[in-house]
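Below: the structure, in structure tokens.
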Amino acid sequence: MSRKWLFLVIMVLAIGLVAFAGCADKGGSGTTAPPAQTGGNETPAAAPADKDGNGVLKIGVLVPTTGSEATYGQDMINSYQLAADEINDAGGIKAGDVSYTLELYPQDDACDTAQASTAASKIVSGDVDFVVGGYCSGATTPTLTQFYDAGLIFLITAANSTVLGDAVSNDGYDQTFIINASGDKQIETLEYLISDKGFTKMAIIHQGDDFTQNLYNICTQESNAGELGCELVAGEQVMEKGAADVSAIVTSIKQAGTDLVFFCGYYADATNVIKQLRSGGYTGDICVSDGCSDPNLATASGKEGEGVWVLSPPMAEVIENSEEYIAKYAAKFNGATPRAYSTLAYDTIYLLQAGIEAAGTIEYEAVRQALAGIEYQGIEGTISFSEDRHERSISNFLLVQIQSEKLVMVHAM
Amino acid sequence: MSLAQVWFEQLMNGLVLGSFYALIALGYSMVYGIIKLLNFAHGDIYMWGSFVTLFIFGYASVVVGSGWAAVLLGMITAMIFMGLVAFFIQRFAYRPLFDAPRLSLLITAIGVSMILYNLMMVLTNGEYKFFNSDINVAAGIAIGPFTLTYVKLIMLIITAVLMISLSLFINRTIWGKAMRGIAQDKNTCRLMGINVNKIIGLTFFIGSALAAVAGCMACVYYGSLHYFMGYIMGIKAFTAAVIGGIGSIPGAMLGGILLGLLEAVGTQVIGSAWKDVFAFVILIIMLIFKPTGMMGKTEIERM
Numbered sequence: 019m020s021r022k023w024l025f026l027v028i029m030v031l032a033i034g035l036v037a038f039a040g041c042a043d044k045g046g047s048g049t050t051a052p053p054a055q056t057g058g059n060e061t062p063a064a065a066p067a068d069k070d071g072n073g074v075l076k077i078g079v080l081v082p083t084t085g086s087e088a089t090y091g092q093d094m095i096n097s098y099q100l101a102a103d104e105i106n107d108a109g110g111i112k113a114g115d116v117s118y119t120l121e122l123y124p125q126d127d128a129c130d131t132a133q134a135s136t137a138a139s140k141i142v143s144g145d146v147d148f149v150v151g152g153y154c155s156g157a158t159t160p161t162l163t164q165f166y167d168a169g170l171i172f173l174i175t176a177a178n179s180t181v182l183g184d185a186v187s188n189d190g191y192d193q194t195f196i197i198n199a200s201g202d203k204q205i206e207t208l209e210y211l212i213s214d215k216g217f218t219k220m221a222i223i224h225q226g227d228d229f230t231q232n233l234y235n236i237c238t239q240e241s242n243a244g245e246l247g248c249e250l251v252a253g254e255q256v257m258e259k260g261a262a263d264v265s266a267i268v269t270s271i272k273q274a275g276t277d278l279v280f281f282c283g284y285y286a287d288a289t290n291v292i293k294q295l296r297s298g299g300y301t302g303d304i305c306v307s308d309g310c311s312d313p314n315l316a317t318a319s320g321k322e323g324e325g326v327w328v329l330s331p332p333m334a335e336v337i338e339n340s341e342e343y344i345a346k347y348a349a350k351f352n353g354a355t356p357r358a359y360s361t362l363a364y365d366t367i368y369l370l371q372a373g374i375e376a377a378g379t380i381e382y383e384a385v386r387q388a389l390a391g392i393e394y395q396g397i398e399g400t401i402s403f404s405e406d407r408h409e410r411s412i413s414n415f416l417l418v419q420i421q422s423e424k425l426v427m428v429h430a431m
Numbered sequence: 018m019s020l021a022q023v024w025f026e027q028l029m030n031g032l033v034l035g036s037f038y039a040l041i042a043l044g045y046s047m048v049y050g051i052i053k054l055l056n057f058a059h060g061d062i063y064m065w066g067s068f069v070t071l072f073i074f075g076y077a078s079v080v081v082g083s084g085w086a087a088v089l090l091g092m093i094t095a096m097i098f099m100g101l102v103a104f105f106i107q108r109f110a111y112r113p114l115f116d117a118p119r120l121s122l123l124i125t126a127i128g129v130s131m132i133l134y135n136l137m138m139v140l141t142n143g144e145y146k147f148f149n150s151d152i153n154v155a156a157g158i159a160i161g162p163f164t165l166t167y168v169k170l171i172m173l174i175i176t177a178v179l180m181i182s183l184s185l186f187i188n189r190t191i192w193g194k195a196m197r198g199i200a201q202d203k204n205t206c207r208l209m210g211i212n213v214n215k216i217i218g219l220t221f222f223i224g225s226a227l228a229a230v231a232g233c234m235a236c237v238y239y240g241s242l243h244y245f246m247g248y249i250m251g252i253k254a255f256t257a258a259v260i261g262g263i264g265s266i267p268g269a270m271l272g273g274i275l276l277g278l279l280e281a282v283g284t285q286v287i288g289s290a291w292k293d294v295f296a297f298v299i300l301i302i303m304l305i306f307k308p309t310g311m312m313g314k315t316e317i318e319r320m
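Sequences listed follow chains A and B, in order.
Residue numbers for the first sequence follow the numbering used here, so the first one is 19 and each next one is one higher.
Residue numbers for the second sequence follow the numbering used here, so the first one is 18 and each next one is one higher.
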């Protein structure tokens, strides 16, 4: 009998100890209410110190580094690093009298909601000062609350579902800024394509996640409002991420007399769909959403990819000083080429610098307000944010086409 | 497109998809029939077969061009290689457990599956790999108002040939007879002087060679390969095997074709978002009425 009691007492003590240790570990990372006060930082007098107090701004980075989107995530980290190192070499960010150097703290969200929440928690408890990142909208959305509650400004580089803008305006996450032009701007580019080429029947294939479902919904709304420029046919076709066989979808699309297929998704599935559309005998045009914009799309889809339209973010190849940018990226990362979101990521860090320098301090509310009203000239365009949704004011989308297994820009919005 | 053309094409889509399921389901059924093991690693054998084909194709195309000849070389190499891999798996992972509780064998199979796909994940860095060849995938023949692409036709022919060969092998050869015997009573077969271990090894070899053929077809038909593609295909093929009657070879063929057709019809009638719901609801209904599957035999235990 006493053995059992002893065991019970030890268990309770052990659990208590672990819980206590866990709580004590949280430290100064603002577990309290939303930061209406002066952010999670200390010393209201003098210049606010960064969380570690050593003159280094730790930047949390939330991107996928494993899974199907790993190459994009790694490219974003590289681009952030490129910008951060340039800033550090030039003396760091000057907030008033204090200079800060930048240090990245990347965490993997694997383009998965659950893992993103875990990664966000790690970032929050890692005493970071600001957060950048966000590639998959579905994975990014739930982390908004976590960063808001922790008093961390979140600059979203690539994710652009209008669900994010909704969260900012409806749920009040006004410390979040969406740098990539959002879904509705993407559909504007699509509408340009439709009217320019005179397509009459469009079929949409999406993958049922936040990002692609959002694009489908916007298209439907535009169609109902008579703004789309063509008829939506073949119903709502859904293809699971990673699914192999879409032959039946292809047949349905052909049956509807489609002349433009709009595939919303990421590039691996896009390649699959393009190949099966062509092998299934579909002869019309194909357009793929952003998220598919990658030189890999052109090489992987081979001859079947010829003529495919891509709604693309500003790729490094088409910005103004493209050769210079591509060269310095290659020099830093062993000859690698920057991918579709590289310029956006690079601009994200410089935007943060601009916001801090405009505010003259790294204090949360000042930086937040500075960013809200900023107009920054980045390498891929002018960045400013809409008032209530903090979305990119001006579209940065490009209409790109695959020609001879290369991505070629056709039109800038 | 006229309705008749649409239905013909969906039927062909269903048959081709069904061939994939059938070829993989055969492996499940054969192995279950002989040693009562649900070999969950089988879907990953299919995936590996795909990658081996891709790999060999890359080298072969330098010599014989990027056409069907290189694909054929890839297929044959994949069949032999995966057959040998499966032989080694059963020799070292399964055979020691033949007389152990069935659950242990099952867990081992799951473990082997994890090793296989994680190994491929490391080898490919988790990335998608793509198959590009000179084969004109849109070319086909016209049968009246209907068109059928050459790729689909070739795949259907290969599957039919393999299934007929397998049936002949099982029913007319001495090894086939041994397999059927071992499925009925392993120990008595031992007493009869049959080298049971060798025949079991042969079963694994054949089943995996068939899965490798499906893998090769996936290269040509789908064109994109990923380390996790064996998982979904494996589950569906396993379901097809159960529907047809696990342990029964004609059952596996029938179950596979049926599942493929159900998915294609489901997409045509209800839409792609619902196709899996449609197919599996029908499957559940079928199992309620015939739990042992279409051609399954109820097991009689003699005490």
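Heads up, the beta-carbon is just placed ideally off N, CA and C, and yes, glycines get one too.
Would residue i count as contacting chain A if we go by Cβ distances under 9 Å?
i, result
"B:ASN135", "no"
"B:MET172", "no"
"B:HIS59", "no"
"B:THR166", "yes"
"B:LEU219", "no"
"B:MET131", "no"
"B:VAL102", "no"
"B:GLN27", "yes"
"B:SER36", "no"
"B:ASN188", "no"
"B:PHE147", "yes"
"B:SER78", "no"
"B:GLN201", "no"
So, residue i versus residue j, is the Cβ gap smaller than 9 Å?
i, j, result
"A:ASP130", "A:ALA157", "yes"
"B:CYS233", "B:VAL81", "no"
"A:ILE223", "A:VAL256", "yes"
"A:GLU324", "A:ILE397", "no"
"A:GLN294", "A:VAL268", "yes"
Just list the residues that DSSP pairs residue i with in beta bridges.
i, result
"A:ASP305", "In the sequence as presented, Asp is not what sits at residue 305 of chain A; that position holds Cys. A:PHE280 and A:TRP327, per the DSSP bridge assignment."
"B:SER241", "B:PHE147"
"A:GLU249", "A:LYS219"
"A:LYS259", "According to DSSP, which records beta bridges pairwise, A:LYS259 is partnered with nothing at all."
"A:LYS76", "A:GLU121"
Output yes if chain B places a C-beta closer than 9 Å to the C-beta of residue i; else output no.
i, result
"A:ASP263", "yes"
"A:THR230", "no"
"A:GLN487", "No information on residue 487 of chain A is available, as it lies outside the stretch 19 to 431 that chain A covers here."
"A:VAL256", "yes"
"A:LYS293", "yes"
"A:GLY283", "no"
"A:GLY57", "Caution is warranted here: a pLDDT of 40 is assigned to A:GLY57, below 50, making its placement in the model unreliable, and no coordinate value can be reported."
"A:VAL36", "no"
"A:ARG296", "yes"
"A:LYS219", "no"
"A:ASP253", "The displayed chain sequence assigns Gly, not Asp, to residue 253 of chain A. So, interface residue."
"A:THR269", "yes"
Run the proximity test for residue i: is its beta-carbon closer than 8 Å to any non-hydrogen atom belonging to the ligand MG?
i, result
"A:SER311", "Inclusion of the ligand MG in the displayed structure is not the case, the ligand content being empty and no account of it being possible."
Can you check which of these residues, the options, is closest to residue i by C-alpha distance?
i, options, result
"A:TYR347", "A:GLU87, A:ILE95, A:ASP214 and A:LYS219", "A:ILE95"
"A:LEU416", "A:LYS22, A:TYR234 and A:ASP308", "A:ASP308"
"B:PRO267", "B:LEU43, B:GLN27, B:TRP24 and B:GLU26", "B:LEU43"
"A:ASN290", "A:GLY260, A:SER117, A:SER340 and A:ALA128", "A:GLY260"
"A:ILE205", "A:SER413, A:GLY216 and A:ASP406", "A:SER413"
"A:ASN72", "A:GLY109, A:GLN99 and A:TYR118", "A:TYR118"
"B:SER19", "A:GLU249, A:ASN188 and A:LYS272", "A:LYS272"
"B:VAL259", "B:GLN22, B:ASN212 and B:LEU54", "B:LEU54"
"A:LEU75", "A:LEU120, A:GLY91, A:ILE141 and A:VAL36", "A:LEU120"
"B:ILE187", "B:TYR63, B:MET47, B:VAL33 and B:ILE97", "B:MET47"
"B:GLY272", "B:LEU136, B:ILE299 and B:TRP291", "B:ILE299"
"B:LEU114", "B:ILE174, B:ILE52 and B:GLY60", "B:ILE52"
Original post:
Along the chain, which unbroken stretches of the beta strand (DSSP E) at least 3 residues long are found entirely within the segment 83–158 of chain A?
Top reply: For the segment 83–158 of chain A, whole beta strand (DSSP E) runs of length 3 or above, ordered along the chain, are 111–113, 116–126 and 148–151.
**OP:** With a floor of 4 residues, list each alpha helix (DSSP H) that falls wholly inside the segment 212–265 of chain B, ordered by position along the chain.
**Re:** As summarised for the segment 212–265 of chain B, the continuous alpha helix (DSSP H) elements at least 4 residues long and confined to that stretch are 213–239 and 246–261, given in chain order.
Subject >> In chain order, each alpha helix (DSSP H) run of at least 4 residues that lies wholly inside the segment 357–430 of chain A >> reply: Within the segment 357–430 of chain A, the runs of alpha helix (DSSP H) that reach at least 4 residues and sit entirely inside it are, in chain order, 360–377 and 382–390.
Subject >> Those runs of the beta strand (DSSP E) which lie wholly inside the segment 162–195 of chain A and span at least 3 residues >> reply: Those beta strand (DSSP E) runs which fall completely within the segment 162–195 of chain A and span 3+ residues are 171–174.
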